[in-house]
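Residue numbering for the sequence shown follows our numbering, starting at 6 and increasing by one per position.
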Amino acid sequence: MEALRVEGLSKNFGGVSAVDNVSFSVEVGERLVIIGPNGAGKTTLFNLINGQLPATSGRIHFLGEDITTIPTHRRAHRGQARAFQIISLFLNLSVLDNGLLALHGTKPYRFKLFRSINHYKVISDKVQDTLRALELWEKRDELVKNLSYGEQRRMEIGLGLALQPKLLLLDEPSAGLTMEECSGIIDMIKNLGSDITVVVVDHDMDLVFGVAERIIVLHYGQIIADGAPEEIQADPRVREIYLGIEE
């Protein structure tokens, strides 16, 4: 079963085609990694899938539903979650408050702003379990800005997972991380349930080949290669354009 299908997707900025007639599909539970040089259109593609940008042309289907014109928050309610390249947590709020806001925001009672969080024990318990799993419960009262960058990155991905998404979009999850922190992110992705589809954009080859079941290579907004990791490694176009190796 397809989790995501993109058909003829394009995004133009004036005379520049950031994404140019891109088509691909992702099966439920698949781990797809999208790579390419800077300016290839990777983040723009994510912004289209997630609804941050409107498409110039083409269609996007999520679990069989056409979501091309559906706004971002409705895509989230349908089961999309995204971690951005730039940390998008509330840096001046505590770790605990960030967790409570993240989970509360997806519930039908999210508009009841003046009711104590104590009335929502299910959310409180879920946040506690999530922060314990992320090894951040002891820092629950710390402001997020005081966490290390690796802890912030881990927390952002972990809160996305706490929403129980059907599709998880990870934009440069290894950016700014140490080798050890990157290994932790790889383990986190590899240990996800088979019901969660993961699409990753990243430059770190250890992460790319550590988690990918399939790799798509973008160049100037177009797909130039799509296949298993070993096929991508052996592709002469990829070696020349992306890896900088000429035959």
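Glycine is no exception: its CB is placed at the ideal position from the N, C-alpha and C atoms.
Could you tell me whether the stretch 211-221 touches the stretch 181-197, where touching means 3 or more Cβ pairs closer than 8 Å?
yes
Taking the beta carbon of residue 199 as the centre, do at least 16 other beta carbons fall within 10 Å, making it buried, or is it exposed?
What you label residue 199 is simply residue 194 of the sequence shown in a count that begins at 1. Label assigned to residue 199: exposed.
Is it right to say residue 184 is buried, meaning 16 or more other beta carbons lie within 10 angstroms of its own, or is it exposed?
Walking along the sequence shown from the start, residue 184 turns up at place 179. With fewer than 16 Cβ atoms within 10 Å of its Cβ, residue 184 is classed as exposed.
Residue 37 - containing alpha helix (DSSP H), residue span
The residue given as residue 37 occupies position 32 in the sequence shown. From DSSP, residue 37 is part of no alpha helix (DSSP H) but of the beta strand (DSSP E) over 36-40.
Please specify which runs of the alpha helix (DSSP H), each continuous and at least 4 residues long, are wholly inside the stretch 121-195, giving them in chain order.
126-138, 154-167, 184-195
Buried or exposed, going by whether 16 or more other CB atoms sit within 10 Å of the CB of residue 151?
The residue given as residue 151 occupies position 146 in the sequence shown. Exposed, because fewer than 16 other Cβ atoms sit within 10 Å of the Cβ of residue 151.
My output table needs one value for residue 202: the three-state DSSP class, helix, strand or coil.
Here residue 202 refers to the residue found at position 197 when the sequence shown is read from its first residue. Of the three classes helix, strand and coil, the one that applies to residue 202 here is strand, per DSSP.
is_contact[residue 216, chain B] using C-beta, thresh 8 Å
Protein chain content of the structure displayed is limited to a single chain, and chain B is not contained in it.
Please state if the CB of residue 145 and the CB of residue 182 are separated by a distance shorter than 8 Å.
As a position in the sequence shown, residue 182 is number 177, starting the count at 1. As a position in the sequence shown, residue 145 is number 140, starting the count at 1. Cβ atoms of residue 182 and residue 145: not closer than 8 Å.
For the candidate residues 136, 82, 195, whose alpha-carbon lies nearest to that of residue 218?
Stepping through the sequence shown from its first residue, residue 218 is reached at position 213. The candidate whose alpha carbon is nearest that of residue 218 is 195.
Apart from the five residues on each side of it in sequence, which residues of its chain come closer than 7 Å, Cβ to Cβ, to residue 139?
Here the question's residue 139 lines up with position 134 in the sequence shown. Leaving aside the five residues that flank residue 139 on each side, the residues in its chain whose CB is nearer than 7 Å to its CB run, in chain order, 159, 160, 163.
If you compare alpha carbons, which of 100, 147, 8 is closest to residue 135?
Counting from 1 along the sequence shown, the entry for residue 135 is found at position 130. Checking every option, the nearest Cα to that of residue 135 belongs to 100.
Quick check: the stretch 41-60 against the stretch 23-31, are there 3 or more CB pairs under 8 Å?
The answer is yes - the stretch 23-31 touches the stretch 41-60, with three or more Cβ pairs under 8 Å.
Taking the C-alpha atoms as reference points, what is the distance between residue 84 and residue 239?
Locating residue 84 in the sequence shown gives position 79, where the first residue counts as 1. Locating residue 239 in the sequence shown gives position 234, where the first residue counts as 1. Near 35 Å, if we compare the C-alpha coordinates of residue 239 and residue 84.
Would you give the residue range spanned by the alpha helix (DSSP H) that residue 235 belongs to?
Here residue 235 is taken as the residue at index 230 of the sequence shown, counted from 1. Start and end: 234-239.
CA nearest to the CA of residue 53, picked from 9, 93, 34:
What you label residue 53 is simply residue 48 of the sequence shown in a count that begins at 1. Among 9, 93, 34, the Cα nearest to that of residue 53 belongs to 9.
Residue 156 versus 186, 165, 65, 201, residue with shortest Cα-Cα distance
Counting from one through the sequence shown, the residue named residue 156 turns up at place 151. Closest option to residue 156, judged by alpha-carbon separation, among 186, 165, 65, 201: 186.
At the level of alpha carbons, what is the spacing between residue 87 and residue 50?
On the sequence shown, position 82 is the one that residue 87 refers to. On the sequence shown, position 45 is the one that residue 50 refers to. Straight-line Cα distance between these residues: approximately 13 Å.
For the stretch 45-82, list the alpha helix (DSSP H) runs that are entirely contained and at least 4 residues long, ordered along the chain.
47-55, 77-82
Quick one: what does DSSP say residue 116 is sitting in, helix, strand or coil?
To locate residue 116, count along the sequence shown from 1; it is residue 111. The predicted position of residue 116 is uncertain, since its pLDDT is 48 and thus under 50; no value can be drawn from it.
Below 7 Å CB to CB, which residues in the same chain sit around residue 57 once its five sequence neighbours on both sides are set aside?
Numbered from 1 along the sequence shown, position 52 holds the residue referred to as residue 57. Excluding positions up to five away in sequence, the list reads 77.
Taking 8 Å as the cut-off, decide whether the C-beta atoms of residue 216 and residue 38 are in contact.
For the purposes of this step, residue 216 is taken as residue 211 along the sequence shown, with counting starting at 1. For the purposes of this step, residue 38 is taken as residue 33 along the sequence shown, with counting starting at 1. Cβ distance < 8 Å, so residue 216 and residue 38 count as in contact.
Report yes if the CB atom of residue 29 is closer than 8 Å to the CB atom of residue 228, and no otherwise.
Taking the first residue of the sequence shown as position 1, residue 29 is located at position 24. Taking the first residue of the sequence shown as position 1, residue 228 is located at position 223. In contact: residue 29 and residue 228 (Cβ atoms closer than 8 Å).
Under 8 Å between the Cβ atoms of residue 60 and residue 129?
On the sequence shown, position 55 is the one that residue 60 refers to. On the sequence shown, position 124 is the one that residue 129 refers to. Taking 8 Å as the Cβ cut-off, residue 60 and residue 129 do not qualify as a contacting pair.
Excluding the five sequence neighbours on either side, which residues of its own chain have a C-beta within less than 8 Å of the C-beta of residue 35, listed in chain order?
Position 30 of the sequence shown, counting from 1, holds the residue named residue 35. Once the five neighbours on either side are set aside, the close Cβ partners of residue 35 are 8, 202, 203, 218, 219.
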